[in-house]
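Quick notes on the structure that follows.
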Amino acid sequence: MDAVKAAGGVVSAGLAVTGALHAVWAVTPWPLRTPEEFVDTVVGAGEGPPPPSACLVVAGLLGTASYLVAAEAGLLPAAGPRGLRRAGVRTAAGVLLARGLTGPVVFGRLSERSARFRRLNLRYYSPLCVALGAGAAAVGWRGSSATDC
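Every position in the sequence shown, counted from 1, becomes a number in our numbering once 9 is added.
Dropping the structure here:
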């Protein structure tokens, strides 16, 4: 298996798991015990958890990105125009990189997010976004159809 396929598999799996977790959050705060603990850990601010529709939209976007990365890496059958798939992967990469790189600043000490969220964001959430974004970028620029520019 070449590097693009390996990166595509890891990134696609990471996006799929993250998307599934967001879908679960539409109905329960699992693996956390209470909605308040969920807000403190995952959202960091607000009166309550996000509405289920918001969780499902994010889950759908992550699932779509997962498919696009896997298809562009040649791991799943590709549907739709190559240019559109490639643009989707590159867009996902850009969004993930932007979230990961700006997360420590946007959600840093001066933000009104909880201390627990800020700590987890710095240690896990932002680095995960950077890793997934970098992997998606590698697939988006060197994937199976990247030579058809």
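For every residue, glycine included, the Cβ atom is placed at its ideal position computed from N, Cα and C.
8 angstroms contact criterion, which residue i and residue j should meet: CB distance rounded
i    : j    : result
S135 : G117 : Not confirmed; about 10 angstroms, so no contact.
D49  : R125 : 5 angstroms
Contact set for residue i: own chain, Cβ-Cβ below 8 angstroms, skip 5 residues either direction
i   : result
G17 : V78, A79, E81, A82, G83, L84, G144, V148 and G152
Contacts around residue i, its chain only, beta-carbon distance under 7 angstroms, and the 5 residues preceding and following it disregarded
i    : result
L105 : C138, L141, G142 and A145
G28  : A68, L71, G72 and S75
V33  : W39
Helix, strand or coil at residue i [DSSP, three-state]
i    : result
D11  : coil
S123 : coil
A35  : coil
Residues near residue i in its chain [Cβ-Cβ closer than 6 angstroms; skip 5 each side]
i   : result
A35 : P61, C64 and L65
Complete runs of the alpha helix (DSSP H) confined to the region 37–63 [at least 4 residues]: Entirely contained in the region 37–63, the alpha helix (DSSP H) runs reaching 4 residues are, in chain order, 44–47.
The region 92–108 contacting the region 69–78, beta-carbon criterion three pairs below 8 angstroms: Look at the beta carbons and you see the region 92–108 touching the region 69–78: at least three pairs across the two are nearer than 8 angstroms.
Uninterrupted beta strand (DSSP E) stretches inside the region 82–118 (no shorter than 3 residues): none
Validate contact between the region 59–66 and the region 115–129 using beta carbons, cut 8 angstroms, 3 pairs: Verdict: no, contact absent.
The region 17–37 in contact with the region 63–75 per 3-pair CB rule at 8 angstroms: yes
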